[in-house]
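Notes to accompany the following structure.
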Amino acid sequence: HLFSLSLYSQVSEGFNIESLPEGRTLTRCFCSDSVVDLSKDENLRSIEVIGDCCFANNLLLTQVILGPNVKKIGRRAFDGCRNLRYSILPSALIVIDANAFNMCESLELSELPSGLREIGYGAFWGCEKVSISEIPASVVELGGKSFTLCKGITSLRISDNLQQIKERTFAGCANLKKVVMPIALKRMEHLAFARCVNLESIEFHSSINYIGREAFKGCVKLRNVRLPSKVTCDPEAFSLCKNITLHFTD
Numbered sequence: 404h405l406f407s408l409s410l411y412s413q414v415s416e417g418f419n420i421e422s423l424p425e426g427r428t429l430t431r432c433f434c435s436d437s438v439v440d441l442s443k444d445e446n447l448r449s450i451e452v453i454g455d456c457c458f459a460n461n462l463l464l465t466q467v468i469l470g471p472n473v474k475k476i477g478r479r480a481f482d483g484c485r486n487l488r489y490s491i492l493p494s495a496l497i498v499i500d501a502n503a504f505n506m507c508e509s510l511e512l513s514e515l516p517s518g519l520r521e522i523g524y525g526a527f528w529g530c531e532k533v534s535i536s537e538i539p540a541s542v543v544e545l546g547g548k549s550f551t552l553c554k555g556i557t558s559l560r561i562s563d564n565l566q567q568i569k570e571r572t573f574a575g576c577a578n579l580k581k582v583v584m585p586i587a588l589k590r591m592e593h594l595a596f597a598r599c600v601n602l603e604s605i606e607f608h609s610s611i612n613y614i615g616r617e618a619f620k621g622c623v624k625l626r627n628v629r630l631p632s633k634v635t636c637d638p639e640a641f642s643l644c645k646n647i648t649l650h651f652t653d
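Note that the sequence shown covers residues 404 to 653 in this note's numbering.
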């Protein structure tokens, strides 16, 4: 059904909302406004899912306020919204799907909801101004390339419940200096932190048993890294880390 937002003086068009298996879903945005508030209208507040590609490539959008019941942001929902600067992510949010905020290069986001469980492949790829300092403890799935090229991240603590960091997850985070790895981490895949050129400190726990090819390629400021002696480390895991010394401990 098409719900008109004529009661808002700045909104000239509406939204398409459908009842789908995942819940009340915003499937299409017809707005031409720079600021979209999905929290003030009763129909909009009932939305539980922001549908795939709903706002994709909307260059007019600068701010979006999601309603309190949104539990999922779909694939490429805000993909290419290069001028989107501000978004309020509700506490009900559980899933940010693949490429949801891909190339939202103006997005300023400093915190993720504490109940978030899944962050999809490429979810924040190229979001240069995202500056989070923590992947919440509730997160159990973190997709590859999810924070690639997020240059605003300087220090990061990653959810202790994650057992794997996938390919290129934090590659190119050029201003990242310190990372505290998850207690449960077992595997780190190829290029996971490649080209984090300012990375100085990483802390591993005894659970780590595999570090993949070029996982820290080009992290030129890494110097002393302690690893458990049981770890299998690809010969190229620390390639181009010219100042590094690995210390293996029991």
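Glycine included, each C-beta is placed from N, C-alpha and C at the ideal position.
Ranked by Cα distance from residue 634, the first of 597, 481 and 615 is 615. Going by beta carbons, residue 467 and residue 487 fall inside the 8 Å limit.
Distances from the alpha-carbon of residue 552 to those of 561, 534 and 545 put 534 closest. Scanning the segment 458 to 482 from its first residue to its last, the whole beta strand (DSSP E) runs of 3-plus residues come out as 466 to 468. Sequence-distant Cβ neighbours of residue 645 in its own chain, meaning closer than 7 Å and more than five residues away, are 623. Take residue 621, set aside five residues on each side of it, and the residues of its chain with a beta-carbon closer than 7 Å to its own are 597, 598, 600 and 643, in chain order. In the same chain as residue 586, and ignoring 5 residues on each side of it, the C-beta atoms closer than 6 Å to its own belong to 563 and 608, in chain order.
If you draw a straight line from the Cα of residue 455 to the Cα of residue 476, it comes to about 8 Å. When secondary structure is reduced to three states using DSSP, residue 446 falls in the helix class. In this structure, residue 545 places its C-beta atom within 8 Å of the C-beta atom of residue 522.
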